[in-house]
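S.K.: The structure is given below, and queries will be raised subsequently.
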Amino acid sequence: MKKFPRAIATVLAITLLLGLSGCGASDGKTHLTFQIWDVAQRASMEAICAAYTAKNPDVVIEVQVTSWNEYWTKLEAAAESNTMPDIFWMHTNQILYYSDFGMLADVTDLYSDVDPNYYQNHFSEISIGNAQGSDGRMYGVPKDKDNIFLVYNKEMFDAAGVSYPDESWTWDDLVSASAQIYEKTGKYGYMAYNDDQMGYWSFVYQAGGYILNEDHTRAGFDQPGTKKGMEFYVGLQSYDWCPSQAYFAETAPGTAFFSEIGAMYIEGNWELMNKCINFPNMKDKWDIAVMPKCPDPVSGDGRATISNGLCYSTAAHGKTRELVMDVLKFFGSEEAQLLASSYGAAISAYNGTEQPYFDAFETAGYDLNVEIVMDQFEYGVQNVNNSAKPKWKSPVLDELNKVYNGQQSLDSALVNMQNIVDTETAKKLAGD
514 MKKFPRAIAT VLAITLLLGL SGCGASDGKT HLTFQIWDVA QRASMEAICA AYTAKNPDVV
574 IEVQVTSWNE YWTKLEAAAE SNTMPDIFWM HTNQILYYSD FGMLADVTDL YSDVDPNYYQ
634 NHFSEISIGN AQGSDGRMYG VPKDKDNIFL VYNKEMFDAA GVSYPDESWT WDDLVSASAQ
694 IYEKTGKYGY MAYNDDQMGY WSFVYQAGGY ILNEDHTRAG FDQPGTKKGM EFYVGLQSYD
754 WCPSQAYFAE TAPGTAFFSE IGAMYIEGNW ELMNKCINFP NMKDKWDIAV MPKCPDPVSG
814 DGRATISNGL CYSTAAHGKT RELVMDVLKF FGSEEAQLLA SSYGAAISAY NGTEQPYFDA
874 FETAGYDLNV EIVMDQFEYG VQNVNNSAKP KWKSPVLDEL NKVYNGQQSL DSALVNMQNI
934 VDTETAKKLA GD
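Residue numbers (our numbering): 514 to 945.
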């Protein structure tokens with residue numbers, strides 16, 4: 514694993530040791546730590562912990578929340594010093610990195626006494642894939658599933674005399690509506706910023722291209738469908754109604770949208786409830802719609818949305834391994850996942866536990882077309898990942914930034930992006 518400077522690693526290790534996982538306490542109970550990075554999901558995570566401890570009163574589980582960046586810094590330092598939390602979230606961006614180094618517990622056979630095919634019978638192929646390592650083994654219990662969609666401002670559409678987005682919308686409608694809104698209101702249309710999951714990836718797959726081939730050994734930036742999707746997405750910035758990447762460096766699309774500066778952007782369902790709560794003044798002004806489709810794909814039907822999801826993991830070695838495995842087993846149960854969904858912060862991965870997520874919005878009085886999220890799972894594309902991704906993710910986006918800044922052509926960038934991904938992947942496969 515990447516080595517941190519000794520002083521930093523030591524300080525972080527000491528910090529983590531202050532709340533050392535699985536330690537006994539004066540109350541005679543076993544105290545476990547559970548680390549996450551999203552404060553909006555604290556309540557739902559505490560709820561499933563409470564459900565477990567209600568059945569196991571000799572166990573206490575403390576949910577600890579840190580920021581995204583701090584989370585990974587701490588986790589890596591903890592992995593190096595063998596002081597990882599008892600339970601923690603694992604992201605698809607990182608699971609191959611940690612599992613390849615043997616830092617995550619193998620939970621493939623966790624439910625063997627219940628059902629040898631438990632994962633296959635209760636989770637989608639994408640959810641299972643999100644929790645697997647390079648060897649195909651399970652290194653986490655699927656937690657949730659998500660996809661991305663179009664968010665739009667109803668008032669701006671009304672002011673421009675444009676019909677709201679629906680399932681018939683194509684890329685052409687996205688461009689046309691953006692132009693009309695900009696002309697009639699002076700507001701930005703669709704805000705296309707340089708990102709992968711929340712940016713160009715879905716458009717590439719809609720056009721019939723791909724980012725990685727089926728066995729994840731080679732990039733697809735040289736494919737006709739990929740080029741078509743990239744040309745459309747990157748080309749959006751040439752319109753007056755789309756902010757420049759320099760603008761996005763200072764203001765995120767979501768911030769611009771809820772400041773009523775722009776009419777449309779892409780968001781993920783994990784942020785919906787959070788947006789509802791944080792922007793009550795916008796309650797009746799916005800809604801969501803399915804991703805617009807490619808009108809003339811190289812292959813396929815033109816529909817795609819990137820689908821991702823987290824999993825619950827634990828360290829490969831630990832004093833409380835047997836107990837923690839029992840906790841993880843409960844977290845992957847129908848009971849726990851129904852409970853987690855009911856908070857409206859994330860859609861649980863267990864098939865059939867999704868409805869409480871949608872009901873949470875109605876209960877809270879938010880009238881959003883959230884059901885379209887469920888519809889989009891039918892054409893979801895698993896979040897792109899291979900073990901070399903930590904090496905190629907940022908350089909690929911840097912190449913695109915050069916296109917946006919006028920420093921190189923898109924054709925040149927695609928060649929460079931192909932080379933970056935293929936080179937880093939080959940190195941990883943060779944064991945470098």
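Glycine included, every Cβ here is placed at the ideal spot set by N, Cα and C.
A556: which of A859, T866, D924 sits nearest, CA to CA?
M.R.: Against the sequence shown, residue 556 aligns to sequence position 43. Considering only alpha carbons, the answer is A859.
S.K.: Per DSSP, what kind of secondary structure is S534 in: helix, strand or coil?
M.R.: Position 21 of the sequence shown holds residue 534. With a pLDDT of only 43 at S534, under the threshold of 50, the placement of this residue in the model should not be trusted, and no figure is reported.
S.K.: What ranges does the alpha helix (DSSP H) occupy inside the region 667-723, keeping only unbroken runs of at least 4 residues that lie completely in it?
M.R.: Complete alpha helix (DSSP H) runs here, min 4: 667-673, 684-698, 714-719.
S.K.: Please report the distance separating the alpha-carbon of Y584 from that of E696.
M.R.: Counting from one through the sequence shown, the residue named residue 584 turns up at place 71. Counting from one through the sequence shown, the residue named residue 696 turns up at place 183. Looking at the two C-alpha atoms, the distance is approximately 44 Å.
S.K.: State the DSSP-derived secondary structure class of D924, mapped to helix, strand or coil.
M.R.: As a first step, residue 924 is located in the sequence shown; it is residue number 411 there, counting from the start. Reduced to three states, the DSSP call for D924 is helix.
S.K.: What separation, rounded to the nearest whole angstrom, lies between the Cα atoms of T739 and I694?
M.R.: For this step, residue 739 is matched to residue 226 along the sequence shown. For this step, residue 694 is matched to residue 181 along the sequence shown. Spanning the two alpha carbons is a distance of roughly 29 Å.
S.K.: Which partner residues of A732 appear in the DSSP bridge assignment?
M.R.: Taking the sequence shown and counting its residues from 1, the one referred to as residue 732 is at position 219. Beta-bridge pairing links A732 to L725.
S.K.: Unbroken alpha helix (DSSP H) runs of length 4 or more, entirely within the region 598-658: which are they?
M.R.: Runs found: 605-613, 631-635, 638-643.
S.K.: Tell me, please, which residues DSSP counts as bridged to G878.
M.R.: Translated into the one-based positions of the sequence shown, residue 878 becomes position 365. In the DSSP output, where bridge partners are listed per residue, G878 has none listed.
S.K.: Just to confirm, are P629 and I641 a CB contact at a threshold of 8 Å?
M.R.: As a working mapping, residue 629 is identified with position 116 in the sequence shown. As a working mapping, residue 641 is identified with position 128 in the sequence shown. The answer is no: Cβ separation not under 8 Å.
S.K.: Kindly indicate the opening and closing residues of the beta strand (DSSP E) around Y760.
M.R.: As a position in the sequence shown, residue 760 is number 247, starting the count at 1. Element bounds for Y760: not the beta strand (DSSP E) but the alpha helix (DSSP H), 758-763.
S.K.: Can you say whether E835 is buried or exposed, counting buried as having 16 or more other CB atoms within 10 angstroms of its CB?
M.R.: On the sequence shown, residue 835 is found 322 positions in, with the first residue counted as 1. Exposed is the call here.
S.K.: Quick one: grab the DSSP three-state call for T660.
M.R.: Position 147 of the sequence shown holds residue 660. Going by the sequence as given, residue 660 is Asn instead of Thr. Note: N660 maps to strand in three-state DSSP.
S.K.: So, using beta-carbon positions, are P903 and Y631 closer together than 8 Å?
M.R.: Taking the sequence shown and counting its residues from 1, the one referred to as residue 903 is at position 390. Taking the sequence shown and counting its residues from 1, the one referred to as residue 631 is at position 118. Result no, Cβ atoms of P903 and Y631 do not sit closer than 8 Å.
S.K.: Kindly give me the distance between the Cβ atoms of A817 and Y892, rounded to whole angstroms, as I take these residues to be in contact under 8 Å.
M.R.: Within the sequence shown, the letter at position 304 stands for residue 817. Within the sequence shown, the letter at position 379 stands for residue 892. Going by Cβ atoms, the distance from A817 to Y892 rounds to 6 Å, so yes, they are a contact pair.
S.K.: So, N932 versus T605, is the Cβ gap smaller than 8 Å?
M.R.: By 1-based counting over the sequence shown, the position of residue 932 is 419. By 1-based counting over the sequence shown, the position of residue 605 is 92. No, Cβ-Cβ distance for N932 and T605 is not below 8 Å.
S.K.: Using 8 Å as the Cβ pair cut-off and three pairs as the minimum, do the region 786-806 and the region 680-695 touch?
M.R.: Yes, they touch.
S.K.: Which residue comes first and which comes last in the beta strand (DSSP E) that contains I819?
M.R.: Position 306 of the sequence shown, counted from the first residue, corresponds to residue 819. 818-821 is the extent of the beta strand (DSSP E) around I819.
S.K.: Using the Cβ count rule (16 or more neighbours within 10 Å means buried), how would you classify E937?
M.R.: In the sequence shown, counting from the first residue as 1, residue 937 sits at position 424. By the neighbour-count rule (16 or more Cβ atoms within 10 Å), E937 is buried.
S.K.: Using a Cβ-Cβ cutoff of less than 7 Å, which residues in the same chain neighbour Q921 once the five nearest sequence positions on both sides are dropped?
M.R.: If you number the sequence shown from 1, residue 921 lands on position 408. Within the same chain, Q921 has close Cβ partners K915.
S.K.: Buried or exposed, going by whether 16 or more other CB atoms sit within 10 Å of the CB of E680?
M.R.: Locating residue 680 in the sequence shown gives position 167, counting from the first residue. Burial call: exposed.
S.K.: Name the residue from Q607, N918, D599, N782 whose alpha carbon lies nearest to the alpha carbon of T510.
M.R.: Because the chain here runs from 514 to 945, residue 510 falls outside it and cannot be looked at.
S.K.: Can you tell which of K542, I600, K568 has its C-alpha closest to the C-alpha of Q548?
M.R.: For this step, residue 548 is matched to residue 35 along the sequence shown. Answer by Cα proximity: I600.
S.K.: Excluding the 5 residues preceding and the 5 following L852 in the sequence, name in chain order all residues of the same chain whose CB lies nearer than 7 Å to its CB.
M.R.: Residue mapping note: residue 852 aligns to position 339 of the sequence shown, counting from 1. Counting only Cβ-Cβ distances below 7 Å, and skipping sequence neighbours, we find A560, I561, A564.
S.K.: Going along the chain, which residues of its own chain have a beta-carbon closer than 7 Å to the beta-carbon of A672, five neighbours each way excluded?
M.R.: Here residue 672 is taken as the residue at index 159 of the sequence shown, counted from 1. Only K697, T698 meet the Cβ criterion.
S.K.: Decide yes or no for the touch test of the region 706-717 against the region 782-793: beta carbon pairs closer than 8 Å, at least 3 of them.
M.R.: With the cut-off at 8 Å, the region 706-717 and the region 782-793 do not touch.
S.K.: Let me confirm a value: N666 is counted as buried when at least 16 other C-beta atoms fall within 10 Å, else exposed. Which label applies?
M.R.: Along the sequence shown, read from residue 1 onward, the residue named residue 666 stands at position 153. Buried, since its Cβ has 16 or more Cβ neighbours within 10 Å.
S.K.: How far does the alpha helix (DSSP H) with L910 in it reach, from first residue to last?
M.R.: Working through the sequence shown from its first residue, we reach residue 910 at position 397. Element bounds for L910: 902-917.
S.K.: Please report the straight-line C-alpha distance between Q577 and Y825, rounded to a whole angstrom.
M.R.: Numbered from its first residue, the sequence shown carries residue 577 at position 64. Numbered from its first residue, the sequence shown carries residue 825 at position 312. Approximately 14 Å between the Cα atoms of the pair.
S.K.: Would you report the Cα separation of L529 and W581, rounded to the nearest angstrom?
M.R.: Your numbering for residue 529 matches position 16 in the sequence shown. Your numbering for residue 581 matches position 68 in the sequence shown. Any reading at L529 is ruled out, since the residue's pLDDT is 40, under 50, leaving its predicted position unreliable.
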